[in-house]
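> Got a structure for you, questions after.
Protein chains: 4
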Amino acid sequence: MVGNLLGQRLVMISFGESHGKVVGVVIDGVPAGLPLSEGDIQKIVDLRRPASEISTSRREADKVEILSGVYKGRTTGAPLAMMVRNVDVDSRPYELIEKGWARPGHADYTAYMKYGGYNDPRGGGRFSARITVGFVMAGALALKLLSHTLNVEVIGYVREIADIKTPELSIEELRKRYENDVRCPHPETARRMKEAILKAKEEGDSVGGVVECIALNVPVGLGEPVFSSLDSDLARALFSIPAVKGVEFGAGFLSAKLRGSENNDPMAIKNGEIVTLTNRAGGILGGISNGMPIVVRVAFKPPSSIAKPQKTVNFKEMKEGKIVVPGRHDPCVVHRAVPIVESLVAFILADHALRAGFIPPVLE
Amino acid sequence: MVGNLLGQRLVMISFGESHGKVVGVVIDGVPAGLPLSEGDIQKIVDLRRPASEISTSRREADKVEILSGVYKGRTTGAPLAMMVRNVDVDSRPYELIEKGWARPGHADYTAYMKYGGYNDPRGGGRFSARITVGFVMAGALALKLLSHTLNVEVIGYVREIADIKTPELSIEELRKRYENDVRCPHPETARRMKEAILKAKEEGDSVGGVVECIALNVPVGLGEPVFSSLDSDLARALFSIPAVKGVEFGAGFLSAKLRGSENNDPMAIKNGEIVTLTNRAGGILGGISNGMPIVVRVAFKPPSSIAKPQKTVNFKEMKEGKIVVPGRHDPCVVHRAVPIVESLVAFILADHALRAGFIPPVLE
Amino acid sequence: MVGNLLGQRLVMISFGESHGKVVGVVIDGVPAGLPLSEGDIQKIVDLRRPASEISTSRREADKVEILSGVYKGRTTGAPLAMMVRNVDVDSRPYELIEKGWARPGHADYTAYMKYGGYNDPRGGGRFSARITVGFVMAGALALKLLSHTLNVEVIGYVREIADIKTPELSIEELRKRYENDVRCPHPETARRMKEAILKAKEEGDSVGGVVECIALNVPVGLGEPVFSSLDSDLARALFSIPAVKGVEFGAGFLSAKLRGSENNDPMAIKNGEIVTLTNRAGGILGGISNGMPIVVRVAFKPPSSIAKPQKTVNFKEMKEGKIVVPGRHDPCVVHRAVPIVESLVAFILADHALRAGFIPPVLE
Amino acid sequence: MVGNLLGQRLVMISFGESHGKVVGVVIDGVPAGLPLSEGDIQKIVDLRRPASEISTSRREADKVEILSGVYKGRTTGAPLAMMVRNVDVDSRPYELIEKGWARPGHADYTAYMKYGGYNDPRGGGRFSARITVGFVMAGALALKLLSHTLNVEVIGYVREIADIKTPELSIEELRKRYENDVRCPHPETARRMKEAILKAKEEGDSVGGVVECIALNVPVGLGEPVFSSLDSDLARALFSIPAVKGVEFGAGFLSAKLRGSENNDPMAIKNGEIVTLTNRAGGILGGISNGMPIVVRVAFKPPSSIAKPQKTVNFKEMKEGKIVVPGRHDPCVVHRAVPIVESLVAFILADHALRAGFIPPVLE
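Residue numbers (the working numbering), protein chains in the order written: chain A, 80 to 443; chain B, 80 to 443; chain C, 80 to 443; chain D, 80 to 443.
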């Protein structure tokens, strides 16, 4: 049951539950000397908070507290522990699960079997997307570290919701992703996505979608083949986000339909640097970054909690029945996942930048 | 540069190069008492060997040698080391890479940058699909272990090549995947796929495709959320296979287009066991196996080595040019990847079955 | 700089500093279903608190707060996070270190060099014995787990202080170690040790000593040779305690002087169980527990903080000088180390009991 | 049962058995660009081979074969696999163990219990000191790496055998340790030790002793507190050597008897560098190297295999009896342990030098 550690040279351990006291993270391997304040972390955590009618009505302040690892405004090289307290908690709707009714698409049954019924079911416990607050706190550290040392920039955005697709946009446009609550940087598409989310919500249903994340200025040489290749480690991290069902890099599943002559990225020299003229590889060749933008897409299923009645079972009494999932929920998690995806991508990149020596153990 | 270890309770370390002396693997954490012979391993390794005109003309005997960890026909609990020797090696075509010419789509440039030019470029060195012989040896051990203890069965097959799709088949039919060299269990589709591969080969090109892998009889409870969830660990392993660009579970990227009411798998009780009536989750809920078949799909890009001239660069002399990739190559790797995918899926399942206590440290 | 993780199947990450906000620990891999309260942890933490004139005058309440991983009085299988807050902090004496004056025997200089001067020097920061509160919280969990499942008992006691030795005692007597503040279960010896400590204190000096720790009822079969053998892992953990300079098992350094015929423990059968008639092996053969009591001794140097003037250097100004170490300190740490040694021994035993399957992932 | 991995940034996995086909090691994380030949490894492995009448009569050529990871005379950054074949094997004496008779002091009984009787008992299997050939191959790599990059020198020698002690010697004298078969650099003491060994041998007995190991030119800053401190990791590695019962650093167990004013090393500046005037700390403060020589002492018990009859049990038939241990054995292992201790010390130092960035991932 050891599964809450991520990273090799920069390691985070996630802790906390949806309706427990706190959600937090401890990070070991943080280089010494990085300027860091609670405000730096708070800023990114705030991007994850639900903000409008297309998200859950649970309202958490998510006030970040740094418990250790910072002294005089800089990281010390000691473990960085951070947490937020859970405040707006209503656990009554989860009595149904305690009675043994499984919500289809949720981990109620698998968790019950795995933990012998001892797991905290309130709000989904460890299986709630709420624990990603810890991922985002770690991501905020990683983003600060990457921008401070390597000028790496990580941009996620909503690529698709309810089969509505964002058109191709420039990096400049993508940077505006946080200007609306859908996290889609194309306002007209964002508007349509929002409509689709609200329509599903109204109908007691939910919608899925795709987040694309792009990392710029990643140096050539990140990734440790064969089992800790950059795509391997990114995929592992991204599948840790609740509701993720697929991960692809560059042309991804499309590349399976192309011929080699179409899929290979021709190489050239621009401004004295080796580049590829297309980026179907998504910035990774042989598991190692090639200097082009890292491009990864993450498929999110529609949230499993819907208001419609569903056929299910009671796993304690071993009987069939129907359930109308109670509680406060998101009709869509794709837009909220944007900072989470960015955080995990940043964390893995920072881990690999440290492993490959691009970031030193002590910063200037 | 530590990246050649996979697994937590069952750990493999991969070693060897395409044109070096050997390709091998050492596995730590093997339970004691499992009947195991070189023949058990050889049988699976043989499934990976190129066998016809749709694969490379390199012909390796791939004779498996068990170096340690077995005594009187049973595993001892000590590390299991295995290797095959490289015999049919022709390294002349790789002089071009040594001179600095990068093959587009290959790791020549990224490896050069990462290892400072010291990596073995012959046959792609560590980046060759040849090193997956080691994965398959480890997989053979895992498959034996899983079938011996848990009756788990792992079935991979070619789902798609060159946009030609295998129709839905029964498990019984899927089991026949190794009856033809395309590893597609639908003979008519296999024939069309083979034609497409040969046509591409004839045109000096290559094709990609998708392998689907199904694991049956997986007990409920495998997977260690949040970062070592079953899908996280499977994805990490699968992205270690050269040419993989996407991984999805169950409905995968399609689930992003569905509504919750369509995507949730209704639950029921059959023969006293909890099941889902559909399997869009792909057998994993909350990162934990739910007892339904694990279903994962892996997208392979077309092999990067093609006979057509391509625009590229010389990374040692920093100049542009054209390359016609020399050497013996596969016009398609999808069919050859089937036992590799099965092997890694089996290895991760065995690791998790050990971690969760479903397989004891000493077998009866 | 990843060094704050201990264990493989039961993993703790230590965080916090001497004069920071908190000292804490997160433990991953805790089996589900163990009854656990803050009181269980508090009880052991209280054994570590300074209690008399032979210890520092710093007085911390060390009130344990469980942040996550427990629900309805039982562990859930999720990470168990715990912390205490630092309250009685006086950081003024540490301005000397910030100015570059190294206290001989302390980590001031090595930490400065390693962390580029960014480490928190107040109270020794991460190098203070204060962080062992986290070890003890983890140990309290491990002790509860071991006694709940395997009836394992861990008894540490002061074997030697200032060259005054505890005579051989029965297990029954050893169990009384916490009845006095010296943690020496032989009252007359305890009295003499206390005198020696107070005498040293009076003279502005400090004394060292040896803690012996005995683990009873350890099942045969704990330990994973060759590099994670039981003695290897115990030694690694014990050398993490500040001031430890030596670790030995069974006859230890004495065995180097014996002949094989003297040192080998003759084997016999008692009450149907295989035993050894002596225990010079200290309960470990080939890195694996043999069912006899685990016996380990740990040498503690005298605390480096003494009131006498010492020759030292200023590492920022690169000049020599004298220092009289300021702050509140322990004239001896041996007695306070007893619950710390017990905690780490218990933690490693629990880790290995889980690894070897003696403790299941879900408790009844 | 995962216990055969050592190191974090430089990782070795040990494999092989005493009477199996091979003994070997795979090392991941080797920097690219290090000049390395089989001769470099052979040279150190040869130091470990039994060479005279004070060692076993088993004569192995121990011819080193590098299987992977080297190309054109330099390491490539890929896993370095190496092995020697077992040739001079006589397994008949071990039929006694197969029948259930435990050799006192050996792992026969514990291994039987742990591995359910499936372990290879011939020659001790994995518990034989023979597997340290793999440690030494890894050590040879580490020694080459350390001397090539940091000028670190590692000198082990026999400090004590059968209570006969080597006098204090200069570094210059210590360097001559391999000039006699006792590995004691003081010829007169070596002669007396040899006599003691031969006398014990003649009497069917065995003797123990102490190896001291000194590492010079270690940079300030190696070690990752708190659980991967330099002493923690060294101790863990050293307790993996068969027959080790104690490990101490600097003044070690003696420091427990000293006062702080005696034990603290006064600091000074010499030739512009910070030094300590004594080295009771053994080169480690707070778990981090301080630039002074690392000094570690390792206590070896007398070999358990003796010709004298001993009281023992048959663990298969659960009956008592007497045993005269058959087979070819060493009457003392201390002298043979010298290159093994050096190897593990070098390996841990190399791991930490890589972790702390003192050795880059690619060498010039």
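Glycine included, every Cβ here is placed at the ideal spot set by N, Cα and C.
To which residues of the same chain is lysine 387 of chain A closer than 7 Å at the C-beta, ignoring the five residues directly before and after it?
On the first sequence, residue 387 of chain A is found 308 positions in, with the first residue counted as 1. The residues are Gly283, Asp284.
> Taking only beta carbons into account, state which residues of the segment 423 to 443 of chain C come closer than 7 Å to chain B, listed in chain order.
Ala435, Gly436, Pro439, Pro440
> Grouping DSSP H, G and I as helix and E and B as strand, with all else coil, what is methionine 162 of chain A?
As a working mapping, residue 162 of chain A is identified with position 83 in the first sequence. Strand, per DSSP.
> If the cut is a Cβ gap below 7 Å, which residues of chain D does glutamate 96 of chain B touch?
Counting from 1 along the second sequence, the entry for residue 96 of chain B is found at position 17. Chain D residues near glutamate 96 of chain B: Ser147, Ala157.
> Determine, for arginine 137 of chain A, whether the minimum Cβ-Cβ distance to residues of chain D falls below 9 Å.
Indexing the first sequence from 1 puts residue 137 of chain A at position 58. Arginine 137 of chain A does not count as touching chain D.
> Quick check on glycine 339 of chain C: buried or exposed, where buried means 16 or more other Cβ atoms within 10 Å of its Cβ?
By 1-based counting over the third sequence, the position of residue 339 of chain C is 260. That one is buried.
> Alanine 140 of chain A: buried (16+ other C-beta within 10 angstroms of its C-beta) or exposed?
Numbered from 1 along the first sequence, position 61 holds the residue referred to as residue 140 of chain A. Burial call: exposed.
> Spatial neighbours of alanine 275 of chain C within its chain, please: CB distance less than 7 Å, with the 5 preceding and 5 following residues excluded, ordered by chain position.
Reading the third sequence from its first residue, position 196 is the one you call residue 275 of chain C. For alanine 275 of chain C, where only same-chain residues beyond five positions count, the Cβ hits under 7 Å are Ile240, Ala241, Ile243, Val286.
> Any chance the segment 209 to 223 of chain C sits against the segment 94 to 107 of chain C, with 3 or more Cβ pairs inside 8 Å?
yes
> Can you say whether asparagine 230 of chain B is buried or exposed, counting buried as having 16 or more other CB atoms within 10 angstroms of its CB?
Residue numbering aside, residue 230 of chain B sits at position 151 when the second sequence is read from its first letter. Under this definition asparagine 230 of chain B is an exposed residue.
> Tell me where the beta strand (DSSP E) around glutamine 389 of chain B begins and ends.
Counting from one through the second sequence, the residue named residue 389 of chain B turns up at place 310. Unbroken beta strand (DSSP E) run through glutamine 389 of chain B: 389 to 393.
> With 16 as the cutoff for other CB atoms within 10 Å, does methionine 397 of chain D come out buried or exposed?
Your numbering for residue 397 of chain D matches position 318 in the fourth sequence. Taking a 10 Å sphere around the C-beta of methionine 397 of chain D, we find fewer than 16 other C-beta atoms and assign the residue as exposed.
> For aspartate 312 of chain C, which three-state DSSP category applies?
Locating residue 312 of chain C in the third sequence gives position 233, counting from the first residue. In the structure shown, aspartate 312 of chain C sits in a helix (DSSP, three-state: H, G or I).
> If we call anything under 9 Å between Cβ atoms a contact, is aspartate 430 of chain D one with alanine 219 of chain D?
Start at 1 with the first residue of the fourth sequence, and residue 430 of chain D comes out as number 351. Start at 1 with the first residue of the fourth sequence, and residue 219 of chain D comes out as number 140. Contact: no.
> Assign aspartate 167 of chain B to buried or exposed, taking buried as 16 or more other Cβ atoms, counted over all protein chains shown, within 10 Å of its Cβ.
By one-based count along the second sequence, residue 167 of chain B stands at place 88. With fewer than 16 other Cβ atoms within 10 Å, it is exposed.
> Could you tell me which chain D residues have their CB closer than 7 Å to the CB of asparagine 230 of chain C, listed as they occur along the chain?
As a first step, residue 230 of chain C must be located in the third sequence, where it is residue number 151. What asparagine 230 of chain C touches in chain D, judged by beta-carbon distance under 7 Å, is nothing: the nearest beta carbon there is about 18 Å away.
> Distance check for leucine 301 of chain A and glutamate 132 of chain B, CA to CA, integer angstroms please.
Residue numbering aside, residue 132 of chain B sits at position 53 when the second sequence is read from its first letter. Residue numbering aside, residue 301 of chain A sits at position 222 when the first sequence is read from its first letter. Near 36 Å, if we compare the C-alpha coordinates of leucine 301 of chain A and glutamate 132 of chain B.
> Using a C-beta cutoff of 9 Å, does methionine 192 of chain B count as contacting chain A?
Looking up residue 192 of chain B in the second sequence gives position 113. Taking Cβ atoms only, chain A reaches closer than 9 Å to methionine 192 of chain B, which makes this a yes.
> Hey, does glutamine 87 of chain C have any beta-carbon neighbour from chain A nearer than 9 Å?
As a position in the third sequence, residue 87 of chain C is number 8, starting the count at 1. With 9 Å as the cut-off, glutamine 87 of chain C counts as an interface residue toward chain A.
> Closer than 9 Å by beta-carbon distance: list the chain A residues that pair up with alanine 186 of chain B, in chain order.
Taking the second sequence and counting its residues from 1, one reaches residue 186 of chain B at position 107. Those within 9 Å of alanine 186 of chain B in chain A are Pro304, Leu364, Gly365, Gly366, Ile367, Asn369.
> Report the neighbours of serine 285 of chain A on chain B: residues whose CB is nearer than 7 Å to its CB, in chain order.
Within the first sequence, numbered from 1, the residue matching residue 285 of chain A stands at position 206. Under the 7 Å cutoff, chain B gives Arg338, Gly339.
> Ignore the nearest five residues each way along the sequence and tell me which others in serine 116 of chain B's own chain have a CB closer than 6 Å to its CB.
For the purposes of this step, residue 116 of chain B is identified with residue 37 of the second sequence, where counting begins at 1. Nothing meets the Cβ criterion.
> Could you pull out every residue in the same chain whose Cβ sits closer than 8 Å to the Cβ of proline 158 of chain D, ignoring the five residues on either side in sequence?
Position 79 of the fourth sequence, counting from 1, holds the residue named residue 158 of chain D. Excluding sequence neighbours, proline 158 of chain D sits near Val105, Ile106, Asp107, Val109, Ser147, Gly148.
> Across which residues does DSSP place serine 307 of chain D in a beta bridge pair?
Translated into the one-based positions of the fourth sequence, residue 307 of chain D becomes position 228. Note: serine 307 of chain D sits in a beta bridge opposite D/Glu303.
> Which residue wins for smallest C-alpha separation from alanine 360 of chain A, given the options A/Ser334, A/Val404, A/Lys380?
Within the first sequence, the letter at position 281 stands for residue 360 of chain A. Nearest of A/Ser334, A/Val404, A/Lys380 to alanine 360 of chain A, Cα basis: A/Ser334.
> Using a 10 Å radius around the Cβ and a threshold of 16 neighbouring Cβ atoms, would you call valine 403 of chain A buried or exposed?
Numbered from 1 along the first sequence, position 324 holds the residue referred to as residue 403 of chain A. Valine 403 of chain A comes out exposed.
> How big is the Cα-Cα spacing for glutamate 252 of chain D and valine 143 of chain A?
Here residue 252 of chain D corresponds to residue number 173 of the fourth sequence, with the count starting at 1. Here residue 143 of chain A corresponds to residue number 64 of the first sequence, with the count starting at 1. One C-alpha to the other measures close to 60 Å.
> Within a Cβ cutoff of 8 Å, which residues of the same chain sit near threonine 357 of chain B, ignoring the five residues on either side of it in sequence?
Residue numbering aside, residue 357 of chain B sits at position 278 when the second sequence is read from its first letter. If we look at threonine 357 of chain B and ignore the five residues flanking it on each side, its Cβ neighbours are Asp344, Pro345.
> Classify proline 114 of chain D as helix, strand or coil using the three-state DSSP reduction.
In the fourth sequence, residue 114 of chain D corresponds to position 35, counting from 1. Correct three-state label for proline 114 of chain D: strand.
> Which residue from D/Pro410, D/Ile353, D/Ser311 puts its Cα closest to that of leucine 84 of chain C?
The residue you call residue 84 of chain C lines up with position 5 of the third sequence. Measuring from the Cα of leucine 84 of chain C, the nearest candidate turns out to be D/Ser311.
> Closer than 8 Å, Cβ to any Cβ of chain A: which residues of the segment 263 to 285 of chain C, in chain order?
none
> For the alpha helix (DSSP H) that methionine 192 of chain C lies in, which residues bound it at each end?
As a working note, residue 192 of chain C is residue 113 in the third sequence. For methionine 192 of chain C, the enclosing alpha helix (DSSP H) has its first and last residue at 187 to 194.
> Just how far apart, CA to CA, sit phenylalanine 328 of chain C and phenylalanine 379 of chain D?
What you label residue 328 of chain C is simply residue 249 of the third sequence in a count that begins at 1. What you label residue 379 of chain D is simply residue 300 of the fourth sequence in a count that begins at 1. Taking the straight line from one Cα to the other gives about 11 Å.
> To the nearest angstrom, how far is it from the Cα of isoleucine 123 of chain D to the Cα of leucine 428 of chain C?
For the purposes of this step, residue 123 of chain D is taken as residue 44 along the fourth sequence, with counting starting at 1. For the purposes of this step, residue 428 of chain C is taken as residue 349 along the third sequence, with counting starting at 1. Looking at the two C-alpha atoms, the distance is approximately 36 Å.
> At a CB-CB cut-off below 7 Å, which residues of chain B make contact with asparagine 83 of chain D?
Here residue 83 of chain D corresponds to residue number 4 of the fourth sequence, with the count starting at 1. Result: Asp107, Pro158.
> Can you check whether the CB of alanine 190 of chain D is closer than 9 Å to the CB of arginine 205 of chain D?
What you label residue 205 of chain D is simply residue 126 of the fourth sequence in a count that begins at 1. What you label residue 190 of chain D is simply residue 111 of the fourth sequence in a count that begins at 1. In contact: arginine 205 of chain D and alanine 190 of chain D (Cβ atoms closer than 9 Å).
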